[in-house]
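K.L.:
My structure is below; once you've seen it, I'll send some questions.
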Amino acid sequence: MVAATVASSVGDHGSPPAAVPAVVAFVWLGVWAAGYAAARRRERQEGGRRLMRRDAVVDERHRIARELHDLLGHTMSVMLVQTGAARVVLDNDPGKARAILSGVERTGREALDELDRVLGVLRRDDSDGTDLRPGLAALPRLAERMAEAGMAVTVRVDPPEPHLPGSPDQSANRLVQEAPTHALRHGKATAAAVAVCADGRRVEIEICDDGRGPSPGYEPGRGLLGISERAAVFGGTVEHGSGEHGNGAGGGFRVRAVLPVPPGGERE
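Numbering of the sequence shown is given in my numbering, commencing with residue 1 and proceeding in unit increments.
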């Protein structure tokens, strides 16, 4: 059909018959090139969509892994320490052992409740902005839980009730939760001080403990990497390394994180 149309058009203008094949070939090549370019464009678009879907799946897996690590890693560490303490005093002080085991039971129940809330949030695609994961308001209970495991944690929040949007609030809680757990599990710390300052533009968090501190040339593990990943989501920064005891002497471990608060994100 293309050849007939071209031949008719050429014939009307009195062109030599020998020119017709060249014109037909030129038109055919133009049509083929346009079709090929369109097919390649569709290929690239589909490839881009596949990459976006794969990246979305990977990001979701990382998010779920981070949430479960923070929740289960903290809870299991505390429960293991509590259980060990109960075993030590079981024969000589059964009453104290029962009190410790009651704390283990309470910690386990709270962990199951929080796990149910976290999984419910992670499953929800049509989020209405309500998130039941704990924020900075849960820090006093965190201090109690660590005390039950044998680690004295003091918490100072300025202002006492900061009004933060959900995501930074929850991430700040997770950051604070991970650092003392890390200190208890790896640094053999017996005390830690937590300081949180929120000015509406950013949240500054500092946790110092009295443990044995980092070994020379240490490499951060999953807990510290998770802290850095959480901060990176908001464009924040994390520093960690040797800290100071409360008396100013060197030692212990120190974690400092800064989380920017999105503009207009502060809750009233």
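Glycine included, C-beta positions come from ideal geometry on N, C-alpha and C.
Could you check what DSSP says for F26 in three-state terms: helix, strand or coil?
P.N.:
In this structure, F26 counts as helix in the three-state DSSP scheme.
K.L.:
For E239, which of P216, A86 and C208 has the nearest alpha-carbon?
P.N.:
Measuring from the Cα of E239, the nearest candidate turns out to be C208.
K.L.:
What are the start and end residues of each continuous beta strand (DSSP E) run of 3 or more residues lying completely inside the segment 146-194, in chain order?
P.N.:
Those beta strand (DSSP E) runs which fall completely within the segment 146-194 and span 3+ residues are 152-158.
K.L.:
Does the Cβ-Cβ distance between E144 and Q82 come in under 9 angstroms?
P.N.:
For E144 and Q82, no; Cβs fall outside 9 angstroms.
K.L.:
Give the secondary structure of S345 by DSSP, where H, G and I count as helix, E and B as strand, and everything else as coil.
P.N.:
Past the boundaries of the shown model lies residue 345; the chain is included only from 1 to 268, so the question cannot be answered.
K.L.:
With respect to the beta strand (DSSP E) encompassing E229, which residues constitute its N-terminal and C-terminal limits?
P.N.:
Per DSSP, E229 belongs to no beta strand (DSSP E); it is in the alpha helix (DSSP H), R222 to V233.
K.L.:
Less than 7 angstroms between C-beta atoms, sequence neighbours within five positions excluded: which residues of the same chain meet that for K96?
P.N.:
These residues qualify, in order along the chain: V89.
K.L.:
Compare the beta carbon distance of A179 and A152 with 9 angstroms and say whether it is the shorter of the two.
P.N.:
Their beta carbons are not under 9 angstroms apart, which means A179 does not touch A152 by this criterion.
K.L.:
Residues in the same chain with beta-carbon distance under 8 angstroms from A138, minus the five sequence neighbours each way, listed in chain order, please.
P.N.:
Cβ within range, chain order: N173.
K.L.:
What number of angstroms, rounded off, separates the C-alpha of F253 from the C-alpha of E46?
P.N.:
Taking the straight line joining both Cα atoms gives about 49 angstroms.
K.L.:
Where does D91 land, buried or exposed, given buried means 16+ other C-beta within 10 angstroms?
P.N.:
Exposed, by the Cβ-count rule.
K.L.:
Answer with buried or exposed for D116, where buried requires no fewer than 16 other C-beta atoms within 10 angstroms of its C-beta.
P.N.:
So D116 counts as exposed.
K.L.:
Report the three-state DSSP secondary structure of E204 (helix, strand or coil).
P.N.:
It is a strand residue.
K.L.:
With a CB to CB cut of under 6 angstroms and the five nearest residues on each side skipped, what residues in its chain are close to R256?
P.N.:
Cβ within range, chain order: E206 and E239.
K.L.:
For L136 and D169, which I take to be in contact (beta-carbon distance under 8 angstroms), what is that distance rounded to the nearest angstrom?
P.N.:
Indeed they touch by this definition, with Cβ atoms about 6 angstroms apart.
K.L.:
Are the beta-carbon atoms of D210 and T190 separated by less than 9 angstroms?
P.N.:
In contact: D210 and T190 (Cβ atoms closer than 9 angstroms).
K.L.:
Grouping DSSP H, G and I as helix and E and B as strand, with all else coil, what is T130?
P.N.:
Low local confidence applies: a pLDDT of 45 at T130 is under 50, so the model's placement there is unreliable, with the coordinate-based value given in what follows. Three-state DSSP puts T130 in coil, outside helix and strand.
K.L.:
Hey, out of L142, L71, G217 and V104, whose CA is closest to T154's CA?
P.N.:
Ranking the options by Cα distance to T154, first place goes to L142.
K.L.:
Label E219 either buried or exposed according to how many other C-beta atoms from any shown protein chain fall within 10 Å of its C-beta, with 16 as the threshold for buried.
P.N.:
Per the 10 Å Cβ criterion, exposed.
K.L.:
What's the call for D113, buried or exposed, on a 16-neighbour Cβ count within 10 Å?
P.N.:
Its Cβ having fewer than 16 others within 10 Å, D113 is exposed.
K.L.:
With a threshold of 6 angstroms on Cβ separation, who are the neighbours of H74 within its own chain once the five nearest residues in sequence on each side are excluded?
P.N.:
Closer than 6 angstroms at Cβ, skipping near neighbours: Q177 and T181.
K.L.:
Cutting at 6 angstroms between CB atoms, please list the residues of its own chain near A183, excluding the five before and the five after it.
P.N.:
So the list reads A189, A192, D209, G211 and F253, once near-sequence residues are dropped.
K.L.:
Spatial neighbours of G235 within its chain, please: CB distance less than 8 angstroms, with the 5 preceding and 5 following residues excluded, ordered by chain position.
P.N.:
Closer than 8 angstroms at the Cβ level, and outside the excluded window around G235, lie P260.
K.L.:
Bridge partners of D209, per DSSP?
P.N.:
A192.
K.L.:
Going by DSSP in three states, V261 sits in which element: helix, strand or coil?
P.N.:
The answer is coil: DSSP assigns V261 none of H, G, I, E or B.
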